[in-house]
Amino acid sequence: MSDPSPLATARAQLATAVDILGFSDGMHQMLATPRREMRVAVPLRRDDGGIELLHGYRVQHNISRGPGKGGLRYSSHVDLDEVRALAMWMTWKCAVVDVPYGGAKGGVTIDPATHSKGELERVTRRYTSEIMPIIGPERDIMAPDIGTDEQTMAWVMDTFSVNVGYTVPAVTTGKPLAVGGSLGRATATSRGVVDVAAAALADAGVPLSQVSAAVQGFGKVGSHAAVFLHQAGARVVAVSDEHGGIYDEQGLDMPRLMRHVAATGTVVGFDDAESIDNATLLALEVDLLVPAAVEGVLDERTAATVRARWVVEGANGPTTTAGDKVLADRGVIVVPDILANAGGVVVSYFEWVQANQAYWWTEAEISERLELRMRTAYNAVAELARRDGLTLRDAALVIGVRRVAQAHETRGLYP
Ligand code: NAD
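Residue numbers (the working numbering): 4 to 418.
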């Protein structure tokens with residue numbers, strides 16, 4: 004199998020879990036099929052007065068355990084099948100960390116780098132207006148993903164609120180603090196990545212402070228993951244973004260690197276470090292590899308070059324089915340996306356709870372509850388993997404898929 008799409012990867016993962024669980028074909032189809040999909044045209048008036056016609060999507064893969072939950076992606080690579088795959092992964096992720104949500108995802112096919120802030124605001128407001136009928140705090144709640152941020156979530160929240168006539172903070176998570184965001188949300192995904200990395204290493208008796216690490220992707224997830232790894236004493240020797248990567252065998256000076264990225268927008272050009280490309284980063288001789296960029300980077304070919312002992316998936320779907328098999332055969336321990344990057348959705352859940360109660364928690368309460376949820380989820384997955392001889396991915400999928408199937412069975416089939 005060569006370079007399958009994210010949707011093919013997501014479907015193959017579900018098929019494996021269904022096989023292990025011994026579910027019927029009917030249940031398999033129920034779990035595989037999105038409940039609701041919306042495709043919208045998003046006409047944008049450009050700053051020069053011209054009109055650009057964009058395409059947007061919102062997929063609610065499953066809403067049996069609660070409202071849809073999932074990010075909004077702005078990228079020129081977005082298409083309906085990618086959004087379907089990401090929505091399916093959200094369903095299992097919410098179930099693995101046991102938050103009362105289904106899985107959803109949205110996207111607009113746009114390159115944010117070639118659009119002004121005003122244009123991005125207009126796209127966001129028009130897209131939100133088009134999908135208004137299917138979103139809301141009890142229906143489907145958005146969060147940032149690739150190419151979107153807390154400002155995007157503020158625009159979504161404002162557009163929704165203006166349309167219904169009152170302020171509805173709980174329609175999005177990952178908002179700025181000033182409009183009902185939660186302390187700790189911006190770094191929650193990365194904290195969770197580092198928490199589960201520490202737990203996986205601890206299973207082998209290795210402390211984080213003794214490992215070297217490489218992080219692919221230096222956006223919201225990758226940059227903070229690199230900083231937290233550095234703070235925990237790990238030697239972060241390489242990082243990259245879509246423009247290229249940098250390497251320093253002694254370990255990168257993270258505070259200086261963060262300042263360089265804030266000033267230039269990329270890790271490239273950081274002095275005192277060697278330039279490398281993304282393929283080289285994946286193949287570095289490090290203990291821990293954190294892919295935190297895009298899907299499908301660890302395929303059959305690149306997985307064969309990985310020399311890390313642990314891969315902790317910050318990104319969604321970074322490993323293809325064939326890549327997964329190569330890594331497993333080579334004894335690489337993969338902590339799967341639906342567990343490893345679930346810290347974001349856990350604190351999104353906290354943000355939604357706080358917004359619904361109009362009562363805000365302290366940062367200490369949030370980080371303590373986040374760590375507890377991540378450790379509990381990791382322990383359940385690791386225990387099942389040990390007991391039944393499964394990979395961590397298959398164990399996480401089995402737990403997530405079983406919980407969703409239980410919701411279907413308990414609710415019954417209407418009519
Ligand atoms: P982001 O837009 O903030 O950052 C993406 C980073 O990846 C950027 O540094 C970009 O330059 C880099 N990148 C893009 N294409 C690349 C390529 N081909 N090779 C190497 N680097 C590349 O996005 P993000 O929110 O950090 O999301 C990253 C991944 O984490 C995605 O898979 C996303 O779905 C997943 N994720 C994000 C969150 C969250 O809370 N933001 C939560 C869970 C999972």
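Beta carbons are placed, not taken as given, at the ideal position from N, Cα and C, and that holds for glycine.
Item	Value
With respect to the beta strand (DSSP E) encompassing Q219, which residues constitute its N-terminal and C-terminal limits?	215–219
Where S243 and S215 are concerned, what is the direct C-alpha to C-alpha distance, given to the nearest angstrom?	15 Å
Could you spell out where the alpha helix (DSSP H) holding W95 opens and where it closes?	83–99
By Cβ distance, which residues of its chain are closer than 7 Å to A44, with the 5 residues on each side in sequence left out?	L56, H58
Select from P136, A203, F163, H31 the residue whose C-alpha is nearest the C-alpha of Y381.	A203
Taking contact to mean 3 or more Cβ pairs, one atom from each stretch, closer than 8 Å, check whether the stretch 241–258 and the stretch 276–288 are in contact.	yes
Whole angstroms are fine: how far does the CA of A228 sit from the CA of L123?	27 Å
Tell me whether S27 sits in a helix, a strand or coil according to DSSP, three-state version.	coil
Which value, in whole angstroms, describes the spacing of the CA atoms of A311 and L291?	5 Å
Have a look at the DSSP bridge pairing and note the partners of I336.	W313
Comparing the CB of E122 with every heavy atom of ligand 1, is any distance shorter than 7 Å?	no
Have a look at K328, W355, S8, A383 and flag the residue whose alpha-carbon is nearest the alpha-carbon of G177.	W355
With C-beta atoms as the reference, is G71 less than 8 Å away from R129?	no
Identify, in the order they occur along the chain, each residue of the same chain with its Cβ nearer than 6 Å to the Cβ of P179, setting aside the five sequence neighbours on each side.	E153, A157
Report yes if the C-beta of L180 is less than 7 Å from at least one heavy atom of ligand 3; otherwise report no.	No copy of ligand 3 appears in this structure; the ligands present are ligand 1.
If I follow the unbroken beta strand (DSSP E) through A44, where does it start and stop?	39–48
I want to check one thing, is the minimum distance from the CB of T365 to the heavy atoms of ligand 1 below 7 Å?	no
Once you ignore the five residues that flank G183 on each side, which residues in its own chain have a CB closer than 6 Å to its CB?	P172, A358
Give me the residue from V335, A181, T323 with the minimum Cα distance to E288.	V335
From the DSSP output, which residues share a beta bridge with G110?	Y60, R76
Would you mind stating whether V329 and K96 have Cβ atoms separated by less than 8 Å?	no
Hey, quick one: how far does the alpha helix (DSSP H) through S185 stretch, first residue to last?	Unbroken run through S185: none, as it is neither H nor E.
Taking 8 Å as the threshold (C-beta atoms), are G195 and M377 in contact?	yes
Among V315, T324, A205, which residue has its Cα nearest to the Cα of A345?	V315
Give a single yes or no on whether G403 has its beta carbon closer than 7 Å to a heavy atom of ligand 1.	no
Below 8 Å on the Cβ atoms is my guess for R39 versus I137; work out the distance and round it to an integer in Å.	6 Å
Along the chain, where does the alpha helix (DSSP H) containing Y381 start, and where does it finish?	366–391
Would you report the Cα separation of T190 and Q63, rounded to the nearest angstrom?	25 Å
Going by C-alpha distance, which of D340, R333, D332 is nearest T322?	D340
Rounded to whole angstroms, what's the CA-CA distance from V416 to V384? Just pull it up for me.	For the sequence presented, residue 416 should be read as Leu rather than Val. Their backbone Cα atoms lie some 29 Å apart in a straight line.
Return the residue from the list L260, T267, L24 that minimises the CA-CA distance to L387.	L24
Quick check on the burial criterion: 16 or more other C-beta atoms within 10 angstroms. Buried or exposed for S5?	Since pLDDT at S5 reaches only 47, below the 50 mark, its modelled position is unreliable, and no value is offered.
Would you call the CB atoms of A146 and G74 closer than 8 Å?	yes
Tell whether a beta-carbon distance below 8 Å holds between A286 and G225.	no
Using only CA atoms, which one of S119, G317, R87 lies nearest to G106?	R87
Does the Cβ-Cβ distance between I134 and R61 come in under 8 Å?	yes
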